[in-house]
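Asks:
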Amino acid sequence: MNTTTTYSYKEAMQEVRADLGSDPWGETMGWLFPIAEEIHFKRDFEVPADWYFRPSPFGYTIEEDDYRAGVLEGMNDADLLKFGQTLHRYELLLRRHDMNY
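No gaps in the numbering here: position 70 of the sequence shown is 75 in the numbering used here, and each next residue is one more.
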């Protein structure tokens, strides 16, 4: 029996907004890396090249009990890609405003 909760793009974005707090760069990257790993290791499509993702030689590194893993597993491919693209654009915006480290 599959007990995975399904998440929409909108619900996933609400999770990110709740996390942003005082470290938007760290939280954005804290979501973007797991999204790229979910796509690379568990889905049948490629991580967009402009994300500059390089997979870990150790494989999928997201802990199963990390709530982000549950959110990403519960998303369909289209919403997951849209979610990643949105966060990638936000990451670029943060870089332009020197809010990265």
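In this text, a Cβ means the ideal position worked out from N, Cα and C, and glycines have one as well.
Just so you know, these numbers come straight off a predicted model, no measurement behind them.
1. Could you give the first and the last residue of the continuous alpha helix (DSSP H) run that contains Thr91?
2. Do you know how far the Cα of Met18 is from the Cα of Gly75?
3. Since Tyr114 is in the alpha helix (DSSP H), which residue starts that stretch and which ends it?
4. Can the beta-carbon of Thr33 be found less than 8 Å from the beta-carbon of Leu92?
5. From Tyr14, Ser13 and Glu20, pick the residue whose C-alpha is nearest to that of Tyr72; which is it?
6. Is it right to say Met80 is buried, meaning 16 or more other beta carbons lie within 10 angstroms of its own, or is it exposed?
7. Can you name, in chain order, every residue of its own chain whose Cβ lies under 6 Å from the Cβ of Ile44, other than the five neighbours on each side?
8. Compare the C-alpha of Asp55 against each of Thr10, Leu97 and Thr11 and name the closest.
9. How would you label Pro39, buried or exposed, when you count the other beta carbons within 10 angstroms and need 16 or more for buried?
Replies: In short, the structure shows the following:
1. Taking the sequence shown and counting its residues from 1, one reaches residue 91 at position 86. Here the alpha helix (DSSP H) through Thr91 covers Asp82 to Arg101.
2. Your numbering for residue 75 matches position 70 in the sequence shown. Your numbering for residue 18 matches position 13 in the sequence shown. Roughly 14 Å separates the two Cα atoms.
3. Residue 114 lies beyond the stretch modelled for the chain, which goes from 6 to 106, so this question has no answer here.
4. As a position in the sequence shown, residue 33 is number 28, starting the count at 1. As a position in the sequence shown, residue 92 is number 87, starting the count at 1. For Thr33 and Leu92, yes; Cβs fall inside 8 Å.
5. The sequence position of residue 72 within the sequence shown is 67, counting from 1. Glu20 is the residue among Tyr14, Ser13 and Glu20 whose C-alpha sits nearest the C-alpha of Tyr72.
6. Working through the sequence shown from its first residue, we reach residue 80 at position 75. Met80 should be labelled buried.
7. For the purposes of this step, residue 44 is taken as residue 39 along the sequence shown, with counting starting at 1. Correct list, in chain order: Val52.
8. Translated into the one-based positions of the sequence shown, residue 55 becomes position 50. Looking at the Cα atoms, Leu97 is the closest of the given residues.
9. Within the sequence shown, numbered from 1, the residue matching residue 39 stands at position 34. Buried, by the Cβ-count rule.
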